[in-house]
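Under the working numbering, the residues of the sequence shown are numbered 15 to 332, in order.
Beta carbons: idealized from backbone N, C-alpha and C, even for Gly.
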Amino acid sequence: MPQLSKLSSLTNRVKNSLPSKQTAILRLKDGGIIVGFLASAYLFVPPLWDAISVSPQQRVKPLEQRIADLDKQIKSSPKPSTTDLKEIATLEKGRIDTEHAIRTTIVQAMVGFLGIATVGIAWKQWKAAQEKQVAERFSKAVELLGNEKIHAQLGGIYALEQIAKDAEEKYYWQVMETLTSYVREESRLPELSDCGSLEELQNVPLLSGGVQTAMTVLARRKHPYNSSIEPHRLNLSFTDLRRLRIPDGIDANFDGADFRGSKLQKAWLTNVSFKNTLFSYADLKETHFYGAQLQKSNLTLTVRSFSGWLVRLWPKAS
15 MPQLSKLSSL TNRVKNSLPS KQTAILRLKD GGIIVGFLAS AYLFVPPLWD AISVSPQQRV
75 KPLEQRIADL DKQIKSSPKP STTDLKEIAT LEKGRIDTEH AIRTTIVQAM VGFLGIATVG
135 IAWKQWKAAQ EKQVAERFSK AVELLGNEKI HAQLGGIYAL EQIAKDAEEK YYWQVMETLT
195 SYVREESRLP ELSDCGSLEE LQNVPLLSGG VQTAMTVLAR RKHPYNSSIE PHRLNLSFTD
255 LRRLRIPDGI DANFDGADFR GSKLQKAWLT NVSFKNTLFS YADLKETHFY GAQLQKSNLT
315 LTVRSFSGWL VRLWPKAS
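Here it is as structure tokens:
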């Protein structure tokens, strides 16, 4: 496979970019967790301390004062009354019960606080493990794209599609960029010097299974162009996509994609949305656009006529 060396370099670039991005993300989240913890402590620790320490002590202090007064009165009296003795016994029991309640409350509060902290730490560890797992899956999928065996490449493409669904906030656009880079590397436009003759250049070979699959995955991507999660056009410019066939019934769209200078000869693109798509200098000889939506697409300066054949443009079926 002539493009393996370039694809390997692409693989290495993507892999090398992962640690810094993941580290930045984790640091950002760590900072958010720390800020959240400090804010929670600022809001909840003072009332919690009041509940487990200040308020109970305020309840015990009057009892202790009354006990001290009665004890002084009993000691100063030659014959203490039975009522005073009963009262001091009752107050002493109340003091003991109150102190026991304070200790119980403190223990329960500490257990609850530790429980919350434990849950927070466990959640953070789980989140970090999940992020690490996705990063490893992404790295492995990119490696598979550079494998010589077609089944390994297909596995990498489908793995990337799943990662874009599972962790779209972080990886959706990375997956789209990786797949478009793969398509550009694997389907570079042939040069006349590579083919040997003009006739050989005009022959339309079958598209490779890897490129066909990657284009199908790109066609059924979830988010539209110019959204917050897909900020740029899919770069499919100057690629050899002759005989590309996008399956019908998958709600396919290449809205906003860049096909400038690409060869789409004999491609079947039925019912595909190409809104706001760039086709300048693209070769569209014998391209089938049955039912395609081409609103606001740039079809100027395209090659659309060759040996009597025209681009087949039909209105979208109602």
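Bridge pairing for Trp282: Arg259, His302 [DSSP]. In the DSSP assignment, no residue is bridged to Leu159. Look at Leu221 here: in three-state DSSP terms it is coil, with no helix or strand label. With respect to the 8 Å criterion, Glu200 and Val225 are classified as neighbours on the basis of their beta carbons.
Taking C-beta atoms under 8 Å as the contact rule, Arg109 and Glu145 fail to qualify, at a distance of about 54 Å. Bounds of the alpha helix (DSSP H) holding Ile177 are 164 to 180. Taking Phe273 as the centre and dropping the five residues before and after it, the same chain places the C-beta of Leu250, Ser251, Thr291, Leu292, Phe293, Ala296 closer than 7 Å to its C-beta, in chain order. Pairing Ala281 with Arg256, the inter-Cα distance amounts to about 6 Å.
If you draw a 10 Å sphere on the C-beta of Met190, you find 16 or more other C-beta atoms in it, and that means buried.
Looking at the backbone, the Cα of Gln307 and that of Tyr239 are separated by about 15 Å. In this structure Met124 is exposed. Its beta-carbon is surrounded by fewer than 16 other beta-carbon atoms within 10 angstroms. When only Cα atoms are considered, Arg80 and Leu105 end up about 8 Å apart. Contact check for Leu278 and Leu248: beta-carbon distance about 14 Å, past the 8 Å limit, so the pair fails to qualify.
For Tyr172 and Ser241, the gap between their C-alpha atoms comes out near 23 Å.
Considering only Ala271, Ser276, Glu300, the residue with the shortest C-alpha distance to Ser311 is Ala271.
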